[in-house]
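Remarks on the structure that follows.
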Amino acid sequence: MIGRVLAKIIVSLLTIYCISVIVAYFYNISITFPFFLSEGTHVPEHRLKAIRLSLFATFTFFAFHYLFYGSKKFYPVQVMAVMIFSLTIFGTLSFSIEEAEAVEFLQLLVWVPVSLILYKVTKTDFKNIFKK
15 MIGRVLAKII VSLLTIYCIS VIVAYFYNIS ITFPFFLSEG THVPEHRLKA IRLSLFATFT
75 FFAFHYLFYG SKKFYPVQVM AVMIFSLTIF GTLSFSIEEA EAVEFLQLLV WVPVSLILYK
135 VTKTDFKNIF KK
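In case it helps, this note's numbering puts the sequence shown at residues 15 to 146.
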């Protein structure tokens with residue numbers, strides 16, 4: 015129960031953040047995590063690479079899942095969990111390769127628990143009707 019409430023809070027905060035980034039773009043303001051504002055549309059190169067790689071990894075995950083296990087329903091929160099987990103992995107790798115400042119790695123400390131919480135919430139609880 016607490017996990018589901020926590021997941022809804024996380025999804026709500028991420029939604030507000032995403033809407034803010036989209037709206038700010040149209041006012042020529044760039045917002046990078048966690049709420050750093052800058053004039054223009056500049057986003058650091060290593061962050062763009064991390065997002066690009068995580069998007070491709072997410073697509074690859076679902077493509078392999080489809081190819082090997084067939085079609086299956088996925089909930090939106092499952093897609094978000096996979097995307098954020100990929101962002102954590104490829105963010106770490108791209109930040110290391112691009113030699114980003116040490117402070118840049120701190121944002122990854124947010125994404126690890128977020129992806130784990132969202133993953134945990136996606137596990138459905140099946141009731142065993144055949145068990146006594």
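Even for Gly, the Cβ is constructed at its ideal location relative to N, Cα and C.
Check: Using DSSP with H/G/I as helix, E/B as strand and the rest coil, what is residue 46?
Finding: Position 32 of the sequence shown holds residue 46. For residue 46, the secondary structure class from DSSP, reduced to helix, strand or coil, is strand.
Notebook entry, point to check: Which residue or residues does DSSP assign as beta-bridge partners of residue 52?
Noted result: Taking the first residue of the sequence shown as 1, we reach residue 52 at position 38. 44, per the DSSP bridge assignment.
Item checked: Assigned exposure category for residue 16 - 16 Cβ within 10 Å defines buried -> Walking along the sequence shown from the start, residue 16 turns up at place 2. With a threshold of 16 other beta carbon atoms within 10 Å, residue 16 falls short and is exposed.
Check: When burial is assigned at 16 or more other CB atoms within 10 Å of the CB, is residue 26 buried or exposed?
Finding: Stepping through the sequence shown from its first residue, residue 26 is reached at position 12. Residue burial annotation: residue 26 is exposed, with fewer than 16 other C-beta atoms found within 10 angstroms of its C-beta.
Margin query: Classify residue 105: buried if its beta carbon has 16 or more other beta carbons within 10 angstroms, exposed otherwise.
Written below: The residue labelled residue 105 in the question sits at position 91 within the sequence shown. Flag for residue 105 reads buried.
Note to self: Under DSSP, the alpha helix (DSSP H) around residue 80 begins and ends at which residues?
What the structure shows: By 1-based counting over the sequence shown, the position of residue 80 is 66. Boundaries of the alpha helix (DSSP H) around residue 80: 59-83.
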